[in-house]
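Okay, structure first, notes after.
There are 2 protein chains.
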Amino acid sequence: MYEGSPPNTAQRLQLLVEHLSPPSSSSTSERRTLSPSETLIVRTNSEIKWNGHGYRDTYFEFDDKGTASLTGFRYSKYSSKEFHDLRPWLEQTLRINLKTTLPSQPTMPSIHSPVVNHEFYDMIKPYGIQISFSEQDRLCHGHGRSTSDIYRLRYSNIARLPDAVIWPESHEQVETIVCASQNCNVGLIPYGGGSNDVNALECPVEEDRRMIVVLDMRQMNRILGLSKENMFVTVEAGAVAKDLEKELRKDGFTLGWGAESVEFSTLGSLTARRSSGIEKKFYDFTKSIIEIQMVTPAGTVQHASTTPPPPTTVGPSLLHIFLGSEGTLGVITSLTLKIYRLIPHRRVVSLYFPTFQTGLLFLREITQRNVVKLVGARMVDEVGLDLVQAFNTQAPNLTSIFKDVIKRYYWKKVKNLVRGKMCLAAIILESEDVGKLQVYEQRVIGVAEKFGGVDGGWEIGDHVFSISQTLPYLRDFLMDYYVISDSLDTTISWSHVQELSENVKNTIKATCRAQSAKASPWVAVRVDTVYDTGVSLTFMYGFNFWNLSDPHGALLRVEQAAMVEILKLRGSVSHHTTGIGKRKKEMFIESSSETSLAVLKSVKKTLDPSNVFCVQNLI
Amino acid sequence: MYEGSPPNTAQRLQLLVEHLSPPSSSSTSERRTLSPSETLIVRTNSEIKWNGHGYRDTYFEFDDKGTASLTGFRYSKYSSKEFHDLRPWLEQTLRINLKTTLPSQPTMPSIHSPVVNHEFYDMIKPYGIQISFSEQDRLCHGHGRSTSDIYRLRYSNIARLPDAVIWPESHEQVETIVCASQNCNVGLIPYGGGSNDVNALECPVEEDRRMIVVLDMRQMNRILGLSKENMFVTVEAGAVAKDLEKELRKDGFTLGWGAESVEFSTLGSLTARRSSGIEKKFYDFTKSIIEIQMVTPAGTVQHASTTPPPPTTVGPSLLHIFLGSEGTLGVITSLTLKIYRLIPHRRVVSLYFPTFQTGLLFLREITQRNVVKLVGARMVDEVGLDLVQAFNTQAPNLTSIFKDVIKRYYWKKVKNLVRGKMCLAAIILESEDVGKLQVYEQRVIGVAEKFGGVDGGWEIGDHVFSISQTLPYLRDFLMDYYVISDSLDTTISWSHVQELSENVKNTIKATCRAQSAKASPWVAVRVDTVYDTGVSLTFMYGFNFWNLSDPHGALLRVEQAAMVEILKLRGSVSHHTTGIGKRKKEMFIESSSETSLAVLKSVKKTLDPSNVFCVQNLI
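Taken in order, these protein sequences are the chains called Y and V.
Under my numbering, the residue at position 417 of the first sequence is numbered 1067, and the numbers go up by one with no gaps.
Under my numbering, the residue at position 493 of the second sequence is numbered 1143, and the numbers go up by one with no gaps.
Here it is as structure tokens:
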């Protein structure tokens, strides 16, 4: 990514200005991923909760009869739908009681007044850079969406919030801000959509009393170049993934991947935490990145080519050090990404298997044998399947109950599928040709039958993928009923999936019981991505904390025990999707060699000698 | 790659010893890519030329009638075959004269006596490490296969050779050697097969008078682990690519890629120079690397897992700094690579197009539209096509001449294909099912016809791929007849391929003429790899230097002018295959930003503070 460009930074910037950006006078012809009014909504956080995940208008509730539903209109499959099986399932599994609730505090009890560095303020003010010191802005930008963050917002406190929020509008403004920060000894934290699960935004408390400023990048959402001939897009890094996807689809292209957080995450933040998405086997976001432009205190790292060559590199590549740097080295201001042609037809195939183990054998077979072009594959175990089924939106009636009885009888007697043991795999297929989808589907079902699999229709499998976006809302809702829940992800080779799954689930259960939680904990495992060499797993777990004095502490002890078990069996610290943050920092350090940590430290020291980027994840 | 491993180096090594290597007592059960006697052949260089590319028994020659042939038995398609069209083509194009020859000098005129660091020798001797100070070993290990290197060996001199050659036999021996080198101020140069084209092995002359030792890694060729279930292989880095491929095929697997240099390059050297191979769209060697173990003066960077997780990373990845480090940071001692199932059926489709431009449109269409699974795609321009056709192994007879006349008449009149303008594309298809190959072939031909393409049968296309391995032999042979030739590679986006091709070819021709070369220079361009976003190109060029006093200088001036032109049009410094070395070092530096060079320097300083790895490519 560093070849083929002109020799110095000044020339590069000039080229960038000339070729990539439209002239500043004709700002009306700019193509952006958001309109000015939409950008303003983002700017003011008017649609987003301060103490929970996602949109203000979207939350779970029970009606007078105790039926659960999701409010709002954001999620077509679920919003304004009733889930008749959800309350009974929650009562049985997590022992919730509709009358025993724990509402969130109306606001956080103590919000410290901001540290203000006047010299810094004076340096950036002449450039017309937007800055806010308001409590609301600082509160909205001082956390991610991890259970820890949300729990503390609702019932406790966050020890330190950022002192100010800045909304830069151009690469040049970012350069000005970084330069001023270095000169005035101000700490910076780049901010995408606040969607991280790993406490990445925690401000240093004791050790760093400088002014700390959050850079909300979402005003920078210009599409700087889109080449259909060369199949790439160059975009400012503050564009939110789902908004860019919407723009690309107008031209028949796609970014080709979907992470749960696409609706809130900027491309810069996804890059900085090396996120990928569920459709990994064919579309890997990290492999789509052709070039990045990043502002560091030591200067801008970039390749300002209007026609970047294919994503090839000679010599050592720094790209993969910037990917996953999680805001510790600099701010990504623009990205050039490979785009894909939109393939028009998709189908989800659902398959029930007698056991998790047989389901794994099936997944390995279709992955390694390239039976079909596998766009996405997930599998939930028997416990995860219960959760998926609790999202059933159809009210029970005599016909459906009768059908269900017949189906269960047939499955049990003929197919050896027993409720409480079986698991569900869901496969996404795609094709230019709708007729071929039928062929692919039959091929998948054929392989499944070898492992005792039974076709479950498309609908339930579709839920396996789509409920993910609603689960953080459910997590927040359940806190009202004394249930705390969380998830952990890892990758592991095929030969060790079963053992790791069992051991980690058992560890989580045992640790929960040791905290004497009221109810037996709920633990499920889900296969999220398949590779030829192994899979990524997400463990989802929760427990009732009605009788616990320190639920947050209990959650952390469960998490710690699970992480130790994962490392013991040589699972990875995380899958691509979530990153490290402060939540997994210790685990990352423990699993890295001293030599590689020394290299990371030397890179940090070279690019950011005075620790302007103070988030202290990783390095 | 750095997660999930135990906390310290000692434990890691212990694990590696216990799990990956067989117990040292049972060395007979070791699986290696070469038998002990084959390893000895490599050790003694008894099959390899000292002053040219490749095997001693393989060279071009003219018989009494002036018919060219290739001796030996190494290349089934070409060895011991006669090329009836080759001499006429060489006489016409490069003005060679069978009677005007310039034979190589019998040995290099001055081979300096070695610098010997006795302290170093005393430190490694107790470990039974093999070391040689012989002129022959030093000569064989002091160069690659670039035209510059070979020209200097044949007619001139190499200013400095390494002082000794060492053949380490284990990771632990490499650690001992690196440690001793650092303590005794000795320079090290890691050596794979000596197949680099970029003068990577040149020893520092004036600036560094330390003892310089070459580490020939090829004794380290153990297969440490092969998991069919998880589809990976762990192998010592001194295994030569073609030998490992042979072993994998016994189990129905493949590395899945083929570079021209697989027959001579070790996996460690291919990794260190970020090589990839021609079959890039689906098999990319650099993406196959799951883990590497590398010995640096600061310690060993490794992940010694017996069951590595899928190739995912969280946090910044150093892997891509080690890939492409070209021996400047340390020695790679073992690698874990993803392997692929061997797909049994292959077919090559050849297609003639009226112009290079129409051929490019065809290539872009089949690449971006995913018309078929495209394993490899190449295209030669009209000049390159002449060269391919000169490798015809059939003696002319009346039937073939008649067929040829008919074909040409038909093509010219009906298809608008004119000799001297048309180009040739060759596509490799593969499938589990031989029947499908037919379908894929028809689909490719269907797309080609839209662009005026004509099916040329499989044979000529097969030549396009397979003659590559013989071209370095031809290059050496032509030096005997006063012809010097070379090649340069780059990558460029689709929108600029045509312009870059034309401009670079014109620049090469003009610069040759400016040196007043006897004959009009020969310049061809070949598309080597296709990506959705662009292609990689190789420019091949040569000229007659009969009347030049400094042919090597003339060659360098041509190369310099071509490189400037490539950079001007934003082509990349190189494609993956060749690396940077000393040949492209200046170009690499010029095209890198100051900030990224500073980072590379800090990494070098951290891992190798006293410059043990003294090759001075890149950093």
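For each residue, glycine too, the CB sits at the ideal point set by N, CA and C.
Chain-order list of chain Y residues neighbouring arginine 1093 of chain V: empty, with the shortest C-beta distance near 12 Å, by a criterion of under 9 Å. With contacts defined as CB atoms closer than 8 Å, leucine 1257 of chain Y and threonine 826 of chain Y fail to qualify as a contacting pair. Straight through space, the alpha carbons of isoleucine 982 of chain Y and tyrosine 1191 of chain Y are spaced by roughly 34 Å.
Going by C-alpha positions, leucine 1217 of chain Y is about 18 Å away from valine 1177 of chain Y. Closer than 7 Å at the C-beta level to chain Y, one finds no residue of the region 832-855 of chain V.
Chain order gives the chain Y residues near asparagine 880 of chain V as Ser1143, Trp1144, Ser1145, Thr1183, Gly1184, where near means a beta carbon separation below 7 Å. Contact annotation: serine 984 of chain Y and glutamate 886 of chain Y have beta-carbon atoms nearer than 8 Å.
For a Cβ distance threshold of 7 Å, residue set Val1249, Ser1252, Val1253 of chain Y lies close to valine 1253 of chain V, ordered along the chain.
Neighbours of glutamine 1018 of chain V in chain Y, taken as residues whose beta carbon is under 8 Å from its own, are Met881, Arg991 in chain order. The Cβ atoms of lysine 896 of chain V and isoleucine 940 of chain V do not sit closer than 8 Å to each other. Following the DSSP letters along the chain, one finds glycine 1192 of chain V in no alpha helix (DSSP H) but inside the beta strand (DSSP E) bounded by residues 1184-1194. Among the residues facing chain Y, arginine 1028 of chain V is not included, as its CB has no counterpart in that chain under 8 Å away. Per the coordinates, the alpha-carbon of glutamine 823 of chain V lies some 32 Å from the alpha-carbon of serine 760 of chain V.
For the pair of segments examined, the region 839-854 of chain Y was found to touch the region 864-879 of chain Y: the number of CB pairs separated by less than 8 Å reaches three.
The bridge partners DSSP lists for proline 840 of chain V are V/Leu865. When rounded, the separation of the alpha-carbon atoms in tryptophan 1144 of chain V and threonine 1005 of chain V is 16 Å. Minimum Cα-Cα distance from lysine 878 of chain Y among the listed residues V/Leu917, V/Glu1015, V/Gln1088 corresponds to V/Glu1015. With respect to the C-alpha of proline 1201 of chain Y, the residue from Y/Glu732, Y/Ser806, Y/Ser696, Y/Arg706 having the closest C-alpha is Y/Ser806. By the Cβ test, the region 967-976 of chain Y is not in contact with the region 1080-1096 of chain Y, since fewer than three Cβ pairs between them sit closer than 8 Å. Shown here, histidine 703 of chain V sits in coil according to DSSP, grouped into three states, outside any helix or strand. Contact annotation for arginine 1163 of chain Y against chain V: no contact, minimum CB-CB distance about 27 Å [criterion: below 9 Å].
For alanine 1027 of chain Y, the pairing in a beta bridge is given by DSSP as Y/Ile1077.
For serine 877 of chain V, the enclosing beta strand (DSSP E) covers residues 873-877. Rounded to whole angstroms, the gap between the alpha carbons of threonine 708 of chain V and glutamate 913 of chain V is 14 Å. Contact check for valine 1249 of chain Y against valine 1253 of chain V passes: the beta carbons are separated by less than 8 Å. Under a 10 Å Cβ-count criterion, glutamine 1088 of chain V is classified as exposed, with fewer than 16 other Cβ atoms of the shown protein chains found around its own Cβ. From the beta-carbon of glycine 974 of chain V, the residues of chain Y found nearer than 9 Å are Thr963, Val964, Gly965, Pro966, Ser967. Of the candidates V/Arg737, V/Asn767, V/Val836, V/Phe733, V/Val836 places its Cα closest to the Cα of serine 1260 of chain V. Annotated as distal: serine 1243 of chain Y and glutamine 943 of chain V, with beta-carbon spacing of 8 Å or more. Using a Cβ distance threshold of 8 Å, threonine 694 of chain Y and tyrosine 1131 of chain Y do not count as a contacting pair. Phenylalanine 1238 of chain V carries a helical assignment under DSSP once its states are collapsed to helix, strand and coil.
Chain V places no beta carbon closer than 8 Å to that of valine 1064 of chain Y, leaving this residue out of the contacts. If the five residues before and after glutamine 1148 of chain V are omitted, its C-beta is found closer than 8 Å to the C-beta atoms of Phe1006, Gln1007, Leu1010, all from its own chain and listed in chain order.
Sorting Y/Thr1017, Y/Thr950, Y/Lys1168 by C-alpha distance to the C-alpha of threonine 1183 of chain Y places Y/Thr1017 at the top. DSSP places isoleucine 1095 of chain V in no beta strand (DSSP E) but in the uninterrupted alpha helix (DSSP H) bounded by 1084-1100. At a cut-off of 8 Å between C-beta atoms, leucine 1035 of chain Y does not count as an interface residue with respect to chain V.
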